Amino acid sequence: MDLQKWLAFLYLCSMMTLLAIAQPDLRYCDCVQSGNYTENSTYQRNLNTLLASLPSKLDEYGFCNASMGETPDRVSVVGLCRGDVEPDICQSCIKNAARETVQLCPNQKEVFGGYDECLIHYSNVSTVGRWSRSPWMYMWNLQNASSPDQFYRDLSKLLDGLGDRAANGFSLCKFAAGNTSGPDLQSIYAAVQCSPDLGAQDCSDCLVSTFADFPGCQPCTGKRRGRVVRPGCNFRFESYRFYNYTLIGSTPPQSQSQPQPGTPAPKSAIEAPSSLKSGKNDNKVRIIIIIVVPIVAIIIIVLSLCVCIVRKKKQKRKQENNMDVVDEMSSLDDISIMESLQYNFDIIKTATDNFSDSNKLGQGGFGPVYKGKLPNGLQLAVKRLSVNSRQGDQEFKNEVLLVAKLEHRNLVRLLGFCLEGREKLLVYEFAPNASLDHFLFDPVKRENLDWETRYKIIGGISRGLLYLHEESRLRIIHRDLKASNVLLDANMNPKISDFGMAKLFELDESEGNTSRIVGTYGYMSPEYAMHGQFSVKSDVFSFGVLVLEIVSGQKNSCFKNGESVKDLLSYAWTQWREGTAMNLVDPFLKGKSGSVPEMMRCIHLALLCVQENVADRPTMSTVVLMLSGFSMSLPVPSAPPFFMHSTISNEVLLLPETAAYSSQNEASITELYPR
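The number in the numbering used here is simply the position in the sequence shown, starting from 1, with 3 added.
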């Protein structure tokens with residue numbers, strides 16, 4: 004008996020260790036937009052108190068529904084563990100979920116999230132004894148089922164039976180799991196669960212509604228694995244057994260009278276093999292499991308450590324060889340992200356009306372861009388890479404993985420991607436006002452850009468670059484910042500786009516060399532264009548050129564002053580040095596004296612950014628401070644380089660082995676039109 008206790012303790016310790024390794028991030032999380040609370044408010048104190056005490060409030064079946072405070076500071080929290088999860092693991096899971104949801108959704112009054120083993124939902128509205136269609140989460144796997152229609156019929160039959168057993172089974176643990184055979188001998192394993200505070204009818208209604216919603220998820224259609232999760236109920240199906248049938252057997256039976264003669268005895272929540280139904284054999288199997296699981300856990304831990312060590316050495320070696328960012332970021336986490344973002348090609352094809360010309364937004368070096376609309380009304384911008392594009396799979400994955408890991412209000416958001424056969428698609432959020440160049444360089448539309456809007460755009464771009472350079476967990480250099488790579492949302496907020504050429508660095512690195520110089524002539528810093536040396540200061544230089552364009556309303560490559568065509572940087576430097584910098588300002592903006600100090604400061608700041616000496620240029624953190632703090636004095640700039648004035652096409656890809664290679668820039672979408 005003592006040996007069994009010791010082995011059981013070792014088993015729990017190993018499982019807790021595995022859980023700690025496997026649960027650093029939530030499996031899913033929804034920051035419900037139902038209102039915010041303020042820092043140090045009564046609502047926040049109530050929420051923190053409830054979340055801290057939630058693990059200890061769980062009943063023996065892994066459920067808790069608690070409230071605290073009075074309206075409008077009343078907080079309700081629900082915690083629910085899967086019906087086959089052990090109490091210690093359940094408490095640890097709920098504790099992790101409580102911590103992660105607050106970190107991922109700061110100041111949100113309502114949040115819903117969880118892991119495979121548990122979920123948590125808190126809100127300012129009590130949900131005791133009732134269910135709702137929202138919030139909810141769809142999840143699916145990329146693996147397709149053979150004979151999808153027959154597979155779905157078999158799955159539906161299994162789920163219906165499990166739903167009936169969960170709703171009408173043990174009232175304190177409304178959980179049921181089982182399996183069936185699908186087409187071509189495919190095994191289907193499934194589990195369903197309701198919150199125990201729901202009555203039998205409410206549980207049944209919630210599950211029926213959830214089952215019915217799943218076919219409406221188009222990316223989920225025909226998949227062998229998937230799930231729908233709501234606070235009130237959830238279901239999951241897999242191609243492997245993901246539940247623990249040995250633990251569910253301890254669930255007390257439904258409290259009811261003896262069955263009538265001829266009535267089948269109620270089935271247990273999970274059918275166990277017959278060899279486990281005798282107590283003697285069951286004990287043997289449990290002992291075997293208790294011995295084997297810790298050994299397996301130790302092996303997994305050792306292998307994980309080995310993989311981490313090998314991966315770090317591999318990353319270091321690749322960084323030393325200046326490998327592309329995709330090679331540096333390949334990991335299981337990347338695979339998980341890519342699976343969650345992948346779109347079905349048929350869905351994108353339908354959304355874009357088979358990539359019709361009427362939905363075409365523009366043509367970039369890598370291929371056309373189309374407007375799309377999903378059945379739920381979500382609008383998309385779909386970048387369809389041409390088959391003959393020089394961008395390879397690595398560059399494609401670079402953009403996918405890089406943008407997916409970034410989240411900032413001034414960066415374009417990647418919604419997903421598609422990689423099917425020779426088709427490679429990137430799916431972005433839709434920018435209703437297209438790109439900055441279509442307003443800035445159009446003599447009519449430019450009038451929509453008053454100084455307040457332009458100043459907001461300058462500030463937004465600077466904050467987006469600061470995030471890329473210093474605030475994201477990896478240092479990122481864009482290398483192709485220009486007006487056509489700044490998209491504008493419905494409120495004219497800027498969003499930096501197109502990270503296909505971006506270079507990735509560890510936080511202690513700041514510069515590098517490349518033999519493949521890519522970018523847009525006129526925006527490139529001299530050290531990058533001439534010698535292939537790039538750094539965060541390369542982006543600072545491009546930012547300075549872009550600020551001068553925004554202030555003047557003219558392109559840097561064909562700046563006009565009266566009848567003469569000059570170089571924008573040299574003209575700006577000459578006018579600033581002679582004290583006549585207002586000559587540079589867009590005539591549409593003149594006559595507004597209140598904005599003159601901001602305009603002059605932006606010209607001054609831009610000249611600091613385009614200085615020839617790399618060390619003299621400010622960092623983006625200093626740029627943001629200069630824009631926001633007018634009490635901060637600016638240093639005197641030195642002269643900018645004068646290499647930009649040229650007859651070479653503005654959109655080029657430069658290769659050191661040859662002269663300028665004239666082509667359309669392959670790194671960005673250069674022709675987005677208003678829609």
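Ideal Cβ positions, reconstructed from N, Cα and C, are used throughout, including at glycine. All of these numbers come straight from a predicted model, not from anything done at the bench.
Apply the 10 Å Cβ neighbour rule to E120 and answer buried if 16 or more other Cβ atoms are within range, or exposed otherwise.
buried
Three or more C-beta pairs closer than 8 Å, one from the segment 143–159 and one from the segment 102–111: is that the case here?
no
Tell me whether K316 is buried or exposed, calling it buried when 16 or more other Cβ atoms sit within 10 Å of its Cβ.
exposed
Go through its chain and collect everything with a Cβ distance to A584's Cβ below 7 Å, but skip five positions before and after it.
Q578, M603, I606
What are the partner residues of Q382, as DSSP defines its beta bridges?
K376
Count the other CB atoms within 10 Å of the CB of C311; is the residue buried (16 or more) or exposed (fewer)?
Looking at its Cβ environment, which holds fewer than 16 other Cβ atoms inside 10 Å, C311 is exposed.
Could you spell out where the alpha helix (DSSP H) holding P186 opens and where it closes?
Per DSSP, P186 belongs to no alpha helix (DSSP H) and is neither H nor E.
Using the rule of at least 16 other Cβ atoms within 10 Å of the residue's Cβ for burial, across every protein chain shown, is R387 buried or exposed?
R387 should be labelled buried.
On a Cα-Cα basis, can you pick out the residue from S174, A215, G172, S242 that is closest to S190?
Comparing Cα positions, the closest option is S242.
Excluding five sequence neighbours on each side, which residues of the same chain lie with their C-beta closer than 7 Å to the C-beta of E576?
Inspection of the sequence shows that residue 576 is occupied by Trp rather than by Glu. Closer than 7 Å at Cβ, skipping near neighbours: L610, A642, P643.
So is Q557 buried or exposed if we call it buried at 16+ other beta carbons inside 10 Å?
Classified as buried, Q557 has 16 or more neighbouring CB atoms from the shown chains inside 10 Å of its CB.
Judging by CA-CA distance, which residue of N127, A148, D87, S636 is the nearest neighbour of G1?
In the structure displayed, the chain extends from 4 to 678; residue 1 sits before or after that span and is not available.
Is the beta carbon of L165 sitting closer than 8 Å to the one on A179?
Their beta carbons are under 8 Å apart, which means L165 touches A179 by this criterion.
What is the DSSP secondary structure of P269, reduced to helix, strand or coil?
Only weak support exists for where P269 lies, its pLDDT of 35 falling under 50; the value from the coordinates is given anyway. In the structure shown, P269 sits in coil (DSSP, three-state: anything other than H, G, I, E or B).
Apply the 10 Å Cβ neighbour rule to V385 and answer buried if 16 or more other Cβ atoms are within range, or exposed otherwise.
buried
According to the Cβ coordinates, are L403 and K498 closer than 8 Å?
Reading off the sequence shown, one finds Val at residue 403, where the question assumed Leu. No, these two residues do not count as a Cβ contact at 8 Å.
To the nearest whole angstrom, what separates the beta carbons of E113 and N99, a pair I think is in contact under 8 Å?
Not a contact, Cβ separation roughly 19 Å.
Tell me the DSSP bridge mates of R239?
A194, R230
Classify E455 as helix, strand or coil using the three-state DSSP reduction.
helix
I'd like the span of the alpha helix (DSSP H) that includes W579, first residue to last.
571–580
Please confirm whether A69 has its beta-carbon closer than 8 Å to some beta-carbon of chain C.
In the structure shown, chain C does not exist; there is a single protein chain.
Are T353 and N362 closer than 8 Å when you measure CB to CB?
no
Out of K226, C32, I92, which has the shortest C-alpha to C-alpha gap to Q685?
The structure shown has nothing for residue 685, since the chain only spans 4 to 678.
Given a threshold of 16 other Cβ atoms within 10 Å of its Cβ, counted over all protein chains shown, does T41 qualify as buried or as exposed?
Counting Cβ neighbours within 10 Å, T41 comes out exposed, since fewer than 16 surround it.
Starting from F154, trace the alpha helix (DSSP H) in both directions and tell me its first and last residue.
151–171
Helix, strand or coil for E331? Go by DSSP, reduced to three states.
Low confidence applies to E331: its pLDDT is 38, below 50, so where it sits in the model is not reliable enough to give any reading.
For C84, name the three-state secondary structure that DSSP assigns.
strand
As a quick exercise: from S475, S487, G463, pick the residue whose alpha carbon is nearest that of N496.
G463
By a C-beta neighbour count over all protein chains shown, 10 Å radius and 16 as the cutoff for buried, is C309 buried or exposed?
Under this definition C309 is an exposed residue.
Return yes when the Cβ of F66 is within less than 8 Å of the Cβ of P199, no when it is not.
Going by C-beta atoms, P199 is nearer than 8 Å to F66.
Restricting to Cα atoms, I'd like to know which of W143, S207, D187, S159 is closest to G172.
Out of W143, S207, D187, S159, S207 has the C-alpha closest to the C-alpha of G172.
Out of A203, D157, Q111, which has the shortest C-alpha to C-alpha gap to G132?
A203
My assumption, with CB atoms under 8 Å, is that K540 sits in contact with V613. Please give the rounded CB distance.
That pair is no contact at about 11 Å.
Can you give me the start and stop residues for the beta strand (DSSP E) that S555 sits inside?
First-last for S555: 539–555, but that is the alpha helix (DSSP H), not the beta strand (DSSP E).
Report the three-state DSSP secondary structure of H124 (helix, strand or coil).
strand
Between E3 and H124, what straight-line distance do the alpha-carbon atoms span, to the nearest angstrom?
The requested residue 3 is not part of the displayed model; the chain covers only 4 to 678.
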